């Protein structure tokens, strides 16, 4: 994009960049908190995502920053490295390099190979984990509650409720729900609900402090804690450098590949959604986007920031606010940087309870019951991979969860494909009926078992029509099977076999070919489709008028 085009809509882009900044600020802090990372690392990631990725990406409306979808990976990885954040940063750096390689390998279409039910299950599992992680902070309880000590942890939480934190959480949730529910509040584009919740949370706590109330939150463990810069040395201390000595640690590479794959998929899915929402319907080069995301993660890790992706919440806010070019994302990055350096003393007044409320809403939207019901209604083939992935994210880890979901999804796909062909049951047959077998568009070796069972169950002296009019490919094994049935078994059982739509020069009299293309008589098929509007017998009658190929 030319310089003139980038700066050609500065007025609208600045307004939308301001909106995205207001949305991103609480999310950057909240996601860092949920990830178990230093809070300033979330700010760094947001700044780099806005400025660096904003300049390098050729997406006009998407916004990059720390993502809720990576919190489970980050939280687990930091704990795995014994809270050595520098070692984790090395994994983020390697993940960025891997994303760069994927971009040069033109792997931008990688997201197309992951079923929606697995992706949705992953996001729902992440949402549920966010909910579980933030509930203690919502009650003013600073200790983490794990699945292994869930019952005892809940008992300790109930015995240690900070009613001031609980009050702020409930008020913040009420504001967030109202902002989503009432249309007149949605129209206040320059005032995001998350920002209002944060401001109100600060005001409530300051009121409690001024009244010397027991509800006041004064414990620094329950407040945002960003470093305050008073000298040049303080500025240098804001940034953490990766620990390159851990380069030989296999666990670092596993985390790096996990972040690279998950972050790439999430970014590509967001880019697809953003392009659809773009009023000008511009199309993003996904390979360029992968390179931009890779460079962004490399820069973020070298400064001590979290891994990032293109994110839906900020991107949709950007589009709704009227963004025209990627300059709005860049402006939001600069505003984050200015805010973090100039007013950390104000940000440090934010109660963690109000950030917990923001994240609880994020988690709920990822794992809301309507999504679970949606996949339940789609049937077991869709629901099983979804719920298995969701549960595995919570009880195992994200990489194993996606692998499990993919295995189950592939199993059901193979099982479904194996049943696509017509299956004949003897009990449904009446003497004199014409048995009609309509082959699928693509008949692979996966269909062989079902077709074999169908042909073996055809009774003696029956009339059979095998129709390949809609088929564009038949596997060698299946053609051999049909040839054997037509030339041997059908003759033995005195079965009258009629073939329709098969390649004219191949009459299934031999099986010497290694592969076969199907010839479709387009005009004949169209004509019989138009006429065949009544019973099954009428369809057979129409087919019988087509010359036997």
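In full-length UniProt numbering, the protein residues as written are 1 to 549. Every residue gets a Cβ at the ideal spot worked out from N, C-alpha and C, and that includes glycine. Given the structure is predicted, the values throughout are model-derived calculations rather than measurements.
Since residue i and residue j should fall inside the 8 Å C-beta cutoff, what is the C-beta to C-beta distance between them, to a whole number of angstroms?
{"i": "residue 99", "j": "residue 263", "result": "7 Å"}
{"i": "residue 464", "j": "residue 495", "result": "6 Å"}
{"i": "residue 393", "j": "residue 129", "result": "7 Å"}
{"i": "residue 126", "j": "residue 366", "result": "6 Å"}
{"i": "residue 501", "j": "residue 454", "result": "Their Cβ separation, rounded to whole angstroms, is 17 Å, which puts residue 501 and residue 454 out of contact at 8 Å."}
{"i": "residue 301", "j": "residue 22", "result": "Going by Cβ atoms, the distance from residue 301 to residue 22 rounds to 26 Å, so no, they are not a contact pair."}
{"i": "residue 95", "j": "residue 343", "result": "Their Cβ separation, rounded to whole angstroms, is 32 Å, which puts residue 95 and residue 343 out of contact at 8 Å."}
{"i": "residue 408", "j": "residue 384", "result": "6 Å"}
Mapping the DSSP letters down to three states, classify residue i as helix, strand or coil.
{"i": "residue 435", "result": "strand"}
{"i": "residue 64", "result": "strand"}
{"i": "residue 286", "result": "helix"}
{"i": "residue 241", "result": "coil"}
{"i": "residue 87", "result": "helix"}
{"i": "residue 467", "result": "strand"}
{"i": "residue 310", "result": "strand"}
{"i": "residue 325", "result": "coil"}
{"i": "residue 281", "result": "coil"}
{"i": "residue 113", "result": "helix"}
{"i": "residue 316", "result": "helix"}
{"i": "residue 160", "result": "coil"}
{"i": "residue 400", "result": "helix"}
{"i": "residue 205", "result": "helix"}
{"i": "residue 197", "result": "helix"}
{"i": "residue 344", "result": "helix"}
{"i": "residue 511", "result": "With a pLDDT of 41 at residue 511, under the threshold of 50, the modelled position of this residue cannot be trusted; read the value that follows with caution. Residue 511: coil per DSSP, three-state reduction."}
{"i": "residue 93", "result": "helix"}
{"i": "residue 105", "result": "coil"}
{"i": "residue 295", "result": "helix"}
{"i": "residue 363", "result": "helix"}
{"i": "residue 460", "result": "coil"}
{"i": "residue 523", "result": "At residue 523 the pLDDT is 40, less than 50, meaning the model places this residue with poor confidence; the figure from the coordinates comes in the next sentence. The answer is helix: DSSP assigns residue 523 an H, G or I state."}
{"i": "residue 229", "result": "coil"}
{"i": "residue 301", "result": "helix"}
{"i": "residue 489", "result": "helix"}
{"i": "residue 427", "result": "Bear in mind that a pLDDT of 49 at residue 427, under 50, signals an unreliable position, so the model cannot answer this."}
Got a sec, what are the start and stop residues for the alpha helix (DSSP H) residue i sits in?
{"i": "residue 477", "result": "476-484"}
{"i": "residue 496", "result": "Careful: residue 496 lies outside any alpha helix (DSSP H), inside the beta strand (DSSP E) at 496-500."}
{"i": "residue 374", "result": "369-377"}
{"i": "residue 134", "result": "116-138"}
{"i": "residue 380", "result": "380-395"}
{"i": "residue 250", "result": "250-277"}
{"i": "residue 175", "result": "163-181"}
{"i": "residue 638", "result": "No answer is possible for residue 638: it lies beyond the span of the chain, which begins at 1 and ends at 549."}
{"i": "residue 455", "result": "448-456"}
{"i": "residue 79", "result": "71-80"}
{"i": "residue 41", "result": "39-56"}
For residue i, report the span of its beta strand (DSSP E) as first-last.
{"i": "residue 213", "result": "Run containing residue 213: none; DSSP gives neither H nor E here."}
Give the straight-line distance between the Cα atoms of residue i and residue j, rounded to the nearest whole angstrom.
{"i": "residue 198", "j": "residue 172", "result": "7 Å"}
{"i": "residue 49", "j": "residue 55", "result": "9 Å"}
{"i": "residue 101", "j": "residue 256", "result": "13 Å"}
{"i": "residue 168", "j": "residue 319", "result": "31 Å"}
{"i": "residue 447", "j": "residue 382", "result": "21 Å"}
{"i": "residue 229", "j": "residue 333", "result": "19 Å"}
{"i": "residue 326", "j": "residue 306", "result": "22 Å"}
{"i": "residue 65", "j": "residue 480", "result": "56 Å"}
{"i": "residue 467", "j": "residue 482", "result": "12 Å"}
{"i": "residue 118", "j": "residue 404", "result": "9 Å"}
{"i": "residue 534", "j": "residue 434", "result": "Bear in mind that the predicted position of residue 534 carries a pLDDT of just 43, short of 50, making it too unreliable to give a figure here."}
{"i": "residue 81", "j": "residue 10", "result": "44 Å"}
{"i": "residue 388", "j": "residue 490", "result": "46 Å"}
{"i": "residue 439", "j": "residue 266", "result": "38 Å"}
{"i": "residue 89", "j": "residue 276", "result": "33 Å"}
{"i": "residue 290", "j": "residue 71", "result": "20 Å"}
{"i": "residue 473", "j": "residue 445", "result": "11 Å"}
{"i": "residue 215", "j": "residue 204", "result": "10 Å"}
{"i": "residue 484", "j": "residue 478", "result": "10 Å"}
{"i": "residue 193", "j": "residue 179", "result": "6 Å"}
{"i": "residue 226", "j": "residue 60", "result": "32 Å"}
{"i": "residue 461", "j": "residue 443", "result": "27 Å"}
{"i": "residue 560", "j": "residue 122", "result": "The requested residue 560 is not part of the displayed model; the chain covers only 1 to 549."}
{"i": "residue 395", "j": "residue 288", "result": "35 Å"}
{"i": "residue 315", "j": "residue 113", "result": "24 Å"}
{"i": "residue 68", "j": "residue 282", "result": "26 Å"}
Just list the residues that DSSP pairs residue i with in beta bridges.
{"i": "residue 351", "result": "223"}
Closest Cβ-Cβ distance between residue i and chain B: below 8 Å?
{"i": "residue 26", "result": "Looking for chain B here will not work: only one protein chain is present."}
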